[in-house]
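Start counting at 1 in the sequence shown, then tack on 39, and there's your number in our numbering. All residues carry an ideal CB built from backbone N, CA and C; glycine is no exception.
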Amino acid sequence: MRSYQVTEFGKPLELKEYENPIPKGTEVLIRIIACGVCHSDIHLTDGFFDLGNGKRITLADRGTKLPFTPGHEITGEVLSIGEDVKDISIGDKGIVFPWIGCQECNACKENNETLCEAPKYLGARLNGGYSSHIIIPHERYLVSYGKIDPAQAAPYACSGLTSYSALKKIPKTKKDEFIVLIGAGGVGTNGILLLPHIHDAKIIVVDTDPVKRENARSNGAKHCLSPEEMHENLNDFNGKIAGVIDFVGNEKTANLALSIVKKGGTFVIVGLYGGSLSISLPLIPMRSINIKGSYVGELRELKELVELINSKNVGLIKVTKQDLNTANDAMKKLRNGDVDGRIVLEP
Ligand SMILES: [Zn+2]
Ligand SMILES: [Zn+2]
């Protein structure tokens, strides 16, 4: 198999060739059809996340060993199976659920694998999808994508699932309420497209980029505002902003969210841009604000999401297909902000 691997943090990926692995026990060998290029692949190849005030989490400290293959938005076809695989067959196709836990802790036993303290995520701890093939540890992690095009389906493993899970963390909303989505990039755009199928509230999109605001409008967002316009028009929405999802995750966006969410409302932080937050503590109890972190989503949510897309008329984000050989070029484009929608690599 051919894999584009991180051999040194901060350096371009290197093409490596290996024998195809042989699946054992519950393992499944997948021939990859498509793999999305996600922003977090940039952090993973750089080797750190910025925590603000000069602090970083490094992947070396979190147990990532080199070389490894990034990529966690994978669709593929079953090529061979281990002796304990029961319910799927050679030739079955699906989205690979990459947010795999240890299977032993309480969180994993309750099917909350993203809360596992010792995760084995594909494309971070286990080899991922910038490759022609991948081994997955169990058949349950292959979720049929139904009638969705496989390249179109791949980003739902991360970007789509992330927006879905974040939207579900805001309690049920009413027709005269609003949900503010900060940041209309890839994940934010999925949020705009999914929101009407999950909530009654209307959408407000806040983005500093007028082009992204225009795209958001064409994807169905009613109010598309710059951060300044959001503040200026706050009286129109005051007390009706039931939830804010921050798809950026920096100091400015988090402060904006806290200043606009209604009393008792929910602020969900999704973006990993980086930085830290200084907040006046009495305002949290006095305004009864719920602050939640949301990291990707669970296997059951991916199944719900795929079902939703197959049964309802959900708008899909734009996908650009590129050959796997262009993995480094794809990451460069993403780093420079030159990607409209999602790049998907095809081996
Ligand atoms: Zn991702
Ligand atoms: Zn676990």
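If we ignore side chains and look at the alpha-carbon of each, how far apart do S315 and I308 end up? Within the sequence shown, the letter at position 276 stands for residue 315. Within the sequence shown, the letter at position 269 stands for residue 308. Spanning the two alpha carbons is a distance of roughly 12 Å.
Consult DSSP for R24 and reduce its assignment to one of helix, strand or coil. Residue numbering for the chain in the displayed model covers 40 to 386; residue 24 lies beyond these limits and cannot be assessed.
Could you please give me the residues that DSSP links to I242 through a beta bridge? Along the sequence shown, read from residue 1 onward, the residue named residue 242 stands at position 203. Answer is I218.
Considering only residues of the same chain and omitting the five flanking positions on each side of E178, which have a CB-CB separation below 8 Å? Sequence index remark: in the sequence shown, residue 178 carries index 139 (1-based). Excluding sequence neighbours, E178 sits near T65, V67, I120, V124, K125, D126 and I127.
Can you name the start and end residues of the beta strand (DSSP E) that R70 belongs to? Position 31 of the sequence shown, counted from the first residue, corresponds to residue 70. From DSSP, the beta strand (DSSP E) with R70 extends over V67 to G75.
Please look up how many angstroms separate the CB atoms of V226 and F286, rounded, as I've assumed it's under 8 Å. Counting from one through the sequence shown, the residue named residue 226 turns up at place 187. Counting from one through the sequence shown, the residue named residue 286 turns up at place 247. Rounded, the Cβ-Cβ distance is 5 Å, consistent with contact.
Identify whether Q191 lies in helix, strand or coil by the three-state DSSP scheme. Along the sequence shown, read from residue 1 onward, the residue named residue 191 stands at position 152. The answer is helix: DSSP assigns Q191 an H, G or I state.
Of the residues G313, K50 and L233, which one's Cα is nearest the Cα of A205? By 1-based counting over the sequence shown, the position of residue 205 is 166. Considering only alpha carbons, the answer is L233.
Within 8 Å, strictly: CB atoms of E152 and E337: For the purposes of this step, residue 152 is identified with residue 113 of the sequence shown, where counting begins at 1. For the purposes of this step, residue 337 is identified with residue 298 of the sequence shown, where counting begins at 1. Yes, they are a contact pair.
Just to confirm my understanding: we take G130, look at its own chain, exclude 5 residues before and 5 after, and list those with CB closer than 8 Å. What are they? In the sequence shown, the residue the question calls residue 130 occupies position 91. Hits under 8 Å: E116 and V117.
Just tell me which of E56, I61 and P109 has its CA closest to the CA of V76. As a position in the sequence shown, residue 76 is number 37, starting the count at 1. Closest by alpha carbon: P109.
Taking G304 as the reference, which of N329, M370, M325 and S298 has the closest Cα? Taking the first residue of the sequence shown as 1, we reach residue 304 at position 265. If we check each option's Cα against that of G304, N329 comes out closest.
Evaluate contact between the region 82-96 and the region 132-146, counting only Cβ atoms and requiring at least three cross-stretch pairs below 8 Å. no
Have a look at E267, P194, F306 and I237 and flag the residue whose alpha-carbon is nearest the alpha-carbon of S79. On the sequence shown, position 40 is the one that residue 79 refers to. Comparing Cα positions, the closest option is P194.
Report the rounded CA-to-CA distance for Y15 versus A293, giving the unit in angstroms. Nothing about residue 15 can be reported from this structure: the residues present for the chain run from 40 to 386 only.
Buried or exposed: which applies to M370, given that a residue is buried once 16 or more other Cβ atoms fall within 10 Å of its Cβ? Mapped onto the sequence shown, residue 370 falls at position 331. So M370 counts as buried.
Complete runs of the beta strand (DSSP E) confined to the region 300-376 [at least 3 residues]: 305-308, 329-332 and 358-362
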